[in-house]
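Here the protein sequences line up with chains A and B, keeping their order. Position 128, counted from 1, in the first sequence is what the numbering used here calls 140; the numbers after and before it change by one each time, with no gaps. Position 102, counted from 1, in the second sequence is what the numbering used here calls 442; the numbers after and before it change by one each time, with no gaps. So the structure is just underneath, and the comments pick up after that.
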Amino acid sequence: MTQQAFLRELQARLRRRVPEEQAEEIVNDYREYFSDGLAEGRDENTLCEAFGTPAEIVLALRSEGRLGGYERQHLFHLIVWGSFLLLAYLVSFPISWSIPETPRLLHYGILFVPLVQMLLLEAGKPTSDSRLGKKRSAVVAGCTIIPVLILAGLLHVLLRIAGGESGWLPFGPASLGPAMHRLLQLGMLIVLTAWGLSLAWGGRRILWLTLLHAGIFSVMQEIGEMLRWIAEPEAVVGMILESCIPLLVSVALSATLGLLFSTGKRWKDD
Amino acid sequence: MIDRQMLKGVVEMALLRIVEQQEPYGYELLRQMSDRFPDLQERTVYAVLRRLHDNGDTETFTKEASGGPTRKYYRITGKGREHLQEMIQNWRDLERMIEELGI
């Protein structure tokens, strides 16, 4: 392994596991060790062997308790993120149910809420001072409920104005007809999945989970709609099948995946 | 090969001692440790060093070597000195206990 590849991998493995400034310090330390080692006449390969692989270095740091606090903080983020996401859904449903013809449009809007939320959480990323980080991330996560409410309210008003009594819309998926509607949803699903995978490749796990969540939600909605077709379309049961089950299943799936990815499990793969 | 678990407790003491006596730069410290303890992995030394450093037992300063690059050097702090004394005391006590067993 070359020095460059080594340092790059070390950086990638430290990302999201230690605060940025600490990760930078560790990488700089190893950069210095490389230059000192090379000056001493050892070659890159010998040095890499002596240092151990980046994965082993991260494990050693972890066993010395250098990473634990940050991981717990990460889990805390995930829990905060998950609960507000759930709250956002719960807020959106009574509103969408009050406009029978167009609940779907609101769901599309809600799909992007976790993304906004995650971007805000990224902004409130923990620093080396864990208490400050926690406090800040809780405030940031708390604030994200505001865009959710604004979005829901705005859509509500917009739909009333545009649709009048009938709930008819001059724009949006509902006016495009069933085939077009389905195509749009499928396209969105593909884009979301592709985007999610590319982000996973880049190691941005939480963002990836958010997008995966959106993808799962879309699939579940499709399944929900099929179930609704089987049941009576007008019945309350149909509405529950369409809305609540996909919601619960997607939240449960995302929570499970989130827990799997955020606990120590991944360390064993390293 | 010395048992890793047995080695671990000693590493911290040896590392602080070297830092106290020589005020080395990082690479020098890693090399010295692996010369003295051939079974010890460099990454373990580095991880222990970081822990000691984060606990405030050591501090760093930068110095330009004559004609060489600017490097990060380590030196012991007051807290580190106390920690080292405590570890040495523990070591002596342990040594005495083991000797009493006739080992």
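Where a beta carbon is used, it is the ideal one built from N, C-alpha and C, also for glycine. A quick note: this is a predicted structure, and the numbers were derived from the prediction, not measured.
Are the C-beta atoms of Phe18 of chain A and some chain B residue less than 7 Å apart? Position 6 of the first sequence, counted from the start, is the residue given in the question as residue 18 of chain A. False, the Cβ-Cβ gap to chain B never drops below 7 Å.
Determine the chain B residues that contact Gly49 of chain A at a beta-carbon separation under 7 Å, and present them in chain order. Mapped onto the first sequence, residue 49 of chain A falls at position 37. Tyr367, listed in chain order.
Going by DSSP in three states, Gly428 of chain B sits in which element: helix, strand or coil? Position 88 of the second sequence, counting from 1, holds the residue named residue 428 of chain B. Reading the sequence as shown, one finds Ile at residue 428 of chain B and not Gly. Secondary structure of Ile428 of chain B (DSSP, three-state): helix.
Tell me the rounded alpha-carbon separation between Tyr414 of chain B and Gln425 of chain B. As a first step, residue 414 of chain B is located in the second sequence; it is residue number 74 there, counting from the start. As a first step, residue 425 of chain B is located in the second sequence; it is residue number 85 there, counting from the start. Roughly 18 Å between the two C-alpha positions.
Could you work out which residue in B:Glu440, B:Thr400, B:Glu368 is closest to Thr417 of chain B when comparing CA atoms only? Start at 1 with the first residue of the second sequence, and residue 417 of chain B comes out as number 77. For Thr417 of chain B, the nearest C-alpha among the options comes from B:Thr400.
Chain A residues whose Cβ lies nearer than 8 Å to that of Glu382 of chain B: Stepping through the second sequence from its first residue, residue 382 of chain B is reached at position 42. Chain A residues near Glu382 of chain B: Ala62, Phe63, Gly64.
Tell me which same chain residues have a C-beta within less than 6 Å of the C-beta of Thr58 of chain A, skipping the five on either side of it? On the first sequence, position 46 is the one that residue 58 of chain A refers to. For Thr58 of chain A, where only same-chain residues beyond five positions count, there are no Cβ hits under 6 Å.
How many angstroms separate the CA atom of Thr65 of chain A from the CA atom of Gly442 of chain B? Here residue 65 of chain A is taken as the residue at index 53 of the first sequence, counted from 1. Here residue 442 of chain B is taken as the residue at index 102 of the second sequence, counted from 1. Looking at the two C-alpha atoms, the distance is approximately 42 Å.
Close beta carbons around Phe63 of chain A, own chain, < 8 Å, minus the five adjacent residues each side: Position 51 of the first sequence, counting from 1, holds the residue named residue 63 of chain A. Phe18, Tyr42, Tyr45, Ile69.
Partners in chain A for Tyr413 of chain B, counting only beta-carbon separations shorter than 8 Å: Position 73 of the second sequence, counted from the first residue, corresponds to residue 413 of chain B. Those do not exist, as Tyr413 of chain B stays about 11 Å from chain A at its closest Cβ, beyond 8 Å.
Could you tell me which residues DSSP puts in a beta bridge with Glu399 of chain B? Within the second sequence, the letter at position 59 stands for residue 399 of chain B. Beta-bridge pairing links Glu399 of chain B to B:Arg415.
By DSSP's criteria, Glu404 of chain B is part of a beta bridge. Which residues make up the other side? Counting from 1 along the second sequence, the entry for residue 404 of chain B is found at position 64. Paired residues: B:Thr410.
Where do the N-terminal and C-terminal ends of the alpha helix (DSSP H) with Val351 of chain B fall, by residue? Taking the second sequence and counting its residues from 1, one reaches residue 351 of chain B at position 11. Val351 of chain B -> alpha helix (DSSP H) spans 344 to 362.
How would you write the range of the alpha helix (DSSP H) that Thr58 of chain A sits in, first residue to last? Position 46 of the first sequence, counting from 1, holds the residue named residue 58 of chain A. Here the alpha helix (DSSP H) through Thr58 of chain A covers 56 to 63.
Using a Cβ-Cβ cut-off of 7 Å (strictly less than) and excluding sequence neighbours within five positions of Thr14 of chain A, which residues of its own chain qualify? To locate residue 14 of chain A, count along the first sequence from 1; it is residue 2. Cβ neighbours of Thr14 of chain A within its own chain (closer than 7 Å, five residues either side excluded): Glu56.
When you compare the CB of Leu22 of chain A with every CB in chain B, is at least one pair closer than 7 Å? Along the first sequence, one-based indexing puts residue 22 of chain A at 10. Chain B contact via Cβ: absent.
Return the first residue and the last residue of the alpha helix (DSSP H) that Ile69 of chain A is part of. Residue mapping note: residue 69 of chain A aligns to position 57 of the first sequence, counting from 1. Here the alpha helix (DSSP H) through Ile69 of chain A covers 66 to 75.
Between the C-alpha atoms of Arg436 of chain B and Leu370 of chain B, what's the straight-line distance to the nearest angstrom? For the purposes of this step, residue 436 of chain B is identified with residue 96 of the second sequence, where counting begins at 1. For the purposes of this step, residue 370 of chain B is identified with residue 30 of the second sequence, where counting begins at 1. Computed Cα separation, rounded: 30 Å.
Outcome for Gln361 of chain B when other beta-carbon atoms lying within 10 angstroms are tallied against a minimum of 16: For this step, residue 361 of chain B is matched to residue 21 along the second sequence. When all chains shown are included, Gln361 of chain B counts as exposed.
Is there at least one Cβ from chain D nearer than 7 Å to Ala387 of chain B's Cβ? The chain labelled as chain D is not found among the protein chains of the depicted structure, namely A and B.
For Leu73 of chain A, which residues in chain B fall below 9 Å Cβ to Cβ? Start at 1 with the first residue of the first sequence, and residue 73 of chain A comes out as number 61. Within chain B, the residues near Leu73 of chain A are Arg383, Tyr386, Ala387, Arg390, Arg391.
Distance between Cys60 of chain A and Arg54 of chain A (C-alpha atoms, nearest Å): Along the first sequence, one-based indexing puts residue 54 of chain A at 42. Along the first sequence, one-based indexing puts residue 60 of chain A at 48. Arg54 of chain A and Cys60 of chain A: Cα-Cα distance of roughly 10 Å.
If you follow the alpha helix (DSSP H) that Glu382 of chain B is in, where does it begin and where does it stop? Locating residue 382 of chain B in the second sequence gives position 42, where the first residue counts as 1. Counting along the chain, Glu382 of chain B sits inside the alpha helix (DSSP H) bounded by residues 382 to 394.
What is the residue span of the alpha helix (DSSP H) that Trp38 of chain A lies within? Residue numbering aside, residue 38 of chain A sits at position 26 when the first sequence is read from its first letter. According to the sequence shown, residue 38 of chain A is Ile rather than Trp. Here the alpha helix (DSSP H) through Ile38 of chain A covers 32 to 51.
Chain B contact residues for Asp55 of chain A, given Cβ-Cβ distances below 7 Å: Residue mapping note: residue 55 of chain A aligns to position 43 of the first sequence, counting from 1. Per Cβ cutoff of 7 Å: no residues; Asp55 of chain A is ~15 Å from chain B at best.
Pull up the CB-CB distance for Leu308 of chain B and Leu392 of chain B, whole angstroms please, since I reckon it's below 8 Å. Nothing can be reported for residue 308 of chain B, as the shown portion of chain B is limited to 341 through 443.
Answer yes or no: do Asp397 of chain B and His423 of chain B have a C-beta to C-beta separation smaller than 7 Å? Looking up residue 397 of chain B in the second sequence gives position 57. Looking up residue 423 of chain B in the second sequence gives position 83. Yes, they are a contact pair.
At least one CB of chain A closer than 7 Å to the CB of Met437 of chain B: is that the case? Within the second sequence, the letter at position 97 stands for residue 437 of chain B. Residue contact with chain A for Met437 of chain B: absent (no Cβ-Cβ distance below 7 Å to any residue of chain A).
What are the boundary residues of the alpha helix (DSSP H) that includes Leu369 of chain B? By 1-based counting over the second sequence, the position of residue 369 of chain B is 29. Membership of Leu369 of chain B in the alpha helix (DSSP H) is indicated by the continuous run 366 to 376.
With Gln23 of chain A and Val39 of chain A assumed to form a contact (beta carbons below 8 Å), what rounded beta-carbon distance in angstroms separates them? In the first sequence, residue 23 of chain A corresponds to position 11, counting from 1. In the first sequence, residue 39 of chain A corresponds to position 27, counting from 1. Yes, they are in contact, since the Cβ atoms of Gln23 of chain A and Val39 of chain A sit about 5 Å apart, within 8 Å.
So, using beta-carbon positions, are Met427 of chain B and Met353 of chain B closer together than 7 Å? Taking the first residue of the second sequence as 1, we reach residue 427 of chain B at position 87. Taking the first residue of the second sequence as 1, we reach residue 353 of chain B at position 13. Cβ atoms of Met427 of chain B and Met353 of chain B: closer than 7 Å.
Exposed or buried, what is Glu382 of chain B when buried is set at 16 or more other beta-carbons lying within 10 Å of its beta-carbon? Locating residue 382 of chain B in the second sequence gives position 42, where the first residue counts as 1. Looking at its Cβ environment, which holds 16 or more other Cβ atoms inside 10 Å, Glu382 of chain B is buried.
In terms of residue numbering, what span does the alpha helix (DSSP H) encompassing Leu19 of chain A cover? Translated into the one-based positions of the first sequence, residue 19 of chain A becomes position 7. 15 to 26 is the span of the alpha helix (DSSP H), which, as asked, contains Leu19 of chain A.
Indicate whether Lys403 of chain B and Gly366 of chain B have their beta-carbon atoms separated by less than 7 Å. Position 63 of the second sequence, counted from the first residue, corresponds to residue 403 of chain B. Position 26 of the second sequence, counted from the first residue, corresponds to residue 366 of chain B. Going by C-beta atoms, Lys403 of chain B is not nearer than 7 Å to Gly366 of chain B.
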